[in-house]
Amino acid sequence: MSWLKTGLCGLTLATLAVGSTGCQITEGGQTLPSSWYLTDDVQYFAPGPEFKLSREAAAQKAFKSDLEAQRAGR
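Be aware that the sequence shown starts at 2, since it is given in our numbering, and climbs by one per residue.
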């Protein structure tokens, strides 16, 4: 009878441990690490330009057009 009690106690503890920790799932393309994801703070990234180097590209384009204008003026 002792081994039965020990086995049931161990099984109960294992079930409680697994149930309380949650599991990692993917929901809507987002990896949710635990069952507490609803109470976690949300990281928000403000939308920005897709191309991060737009000022540099504009400067290169302006430089190129200035060069072409100088060459055409010769």
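By construction, the Cβ of each residue, glycine as well, lies at the ideal position given by its N, Cα and C atoms.
Same chain only: Cβ atoms within 8 Å of residue i, ignoring 5 sequence neighbours per side
{"i": "residue 52", "result": "58"}
Residue i - containing alpha helix (DSSP H), residue span
{"i": "residue 67", "result": "55-74"}
Contacting residues, own chain, Cβ-Cβ under 6 Å from residue i (five flanking each side not counted)
{"i": "residue 19", "result": "none"}
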